[in-house]
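In this note's numbering, the protein residues as written are 6 to 163.
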């Protein structure tokens with residue numbers, strides 16, 4: 006009897022011998038409400054995790070049952086060089102003052118020619134932490150600030 010193998014998600018346009026190179030992690034842009042608000046040097050926190058609960062039941066000693074629970078989205082951390090642009094600073098200051106405006110945004114990965122190829126849209130984001138640059142008279146590094154955003158969802162497109 007022949008085994009039936011499912012080929013889920015197989016590419017219908019697959020060509021033998023063709024290899025697609027991965028995109029480079031340094032080539033990205035961040036937009037908030039459709040506007041590129043800063044030149045970010047680092048973005049982290051693109052993470053989704055579904056909680057699980059594992060149970061063993063009497064009489065079923067050979068098997069562990071796994072139940073899926075709530076799905077959680079990690080906070081996003083955006084790091085950028087300090088400039089005169091106050092968009093992100095003012096957004097967080099409004100939150101501190103009780104004026105909460107949630108915003109949608111995108112993190113877009115570009116190919117080597119600068120063409121958008123893959124993007125992650127986050128929805129209903131709100132800043133929850135700002136961290137200023139570390140200063141040192143013996144350093145010539147760029148002054149970098151970071152902003153942490155919490156959000157209500159992450160979607161990937163290409």
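Don't be surprised by glycine CBs; every beta carbon is placed ideally from N, CA and C.
Check	Outcome
For the segment 77-89 and the segment 147-155, state whether three or more C-beta atom pairs, one from each stretch, are separated by less than 8 Å.	yes
Mind reading off the beta-carbon distance from residue 123 to residue 138? Whole number of angstroms is fine, and I expect it under 8 Å.	Going by Cβ atoms, the distance from residue 123 to residue 138 rounds to 30 Å, so no, they are not a contact pair.
In whole angstroms, what is the alpha-carbon distance linking residue 102 and residue 38?	21 Å
Out of 67, 65, 60, 87, which has the shortest C-alpha to C-alpha gap to residue 74?	60
Over what stretch of residues does the beta strand (DSSP E) that includes residue 162 continue unbroken?	159-162
Are the Cβ atoms of residue 125 and residue 51 separated by less than 7 Å?	yes
Using the C-alpha atoms, what's the distance from residue 135 back to residue 63?	50 Å
So residue 131 and residue 107 are supposed to be a Cβ contact under 8 Å. How far apart are they, rounded?	5 Å
Let me know the secondary structure DSSP gives residue 100 once reduced to three states.	helix
Let me confirm a value: residue 72 is counted as buried when at least 16 other C-beta atoms fall within 10 Å, else exposed. Which label applies?	exposed
Just tell me which of 114, 133, 23, 56 has its CA closest to the CA of residue 105.	133
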